[in-house]
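The sequence shown lines up with residues 5 to 54 when you count with our numbering.
One structure below.
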Amino acid sequence: MLARQAKADIATVTRRVSTQAAVLVSALFEDEEMSHSFSPLIARMQSVGT
């Protein structure tokens with residue numbers, strides 16, 4: 005029971021952190037060329053969070 009809750013909490017935290025990281029990265033690389041090269045990385049980070 006407790007282990008299941010811990011896993012859910014970890015998943016929630018991971019999702020939150022990856023979303024924040026994606027926002028940070030996209031803000032840092034507002035430059036079109038840079039954000040284009042980072043978009044697969046951001047997509048990968050977001051897919052890990054879900």
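Backbone N, C-alpha and C fix where the C-beta goes; we use that ideal spot for every residue, glycine too.
Taking a cut-off of 8 Å on C-beta distances, the stretch 25-36 does not touch the stretch 5-15, as fewer than three cross pairs fall below it.
The beta carbon of Met49 sits closer than 7 Å to those of Ser22, Ala25, Ala26, all from its chain and outside the five residues before and after it, given in chain order. Separation of Pro44 and Asp13 (C-alpha to C-alpha, rounded to the nearest whole angstrom) is 26 Å.
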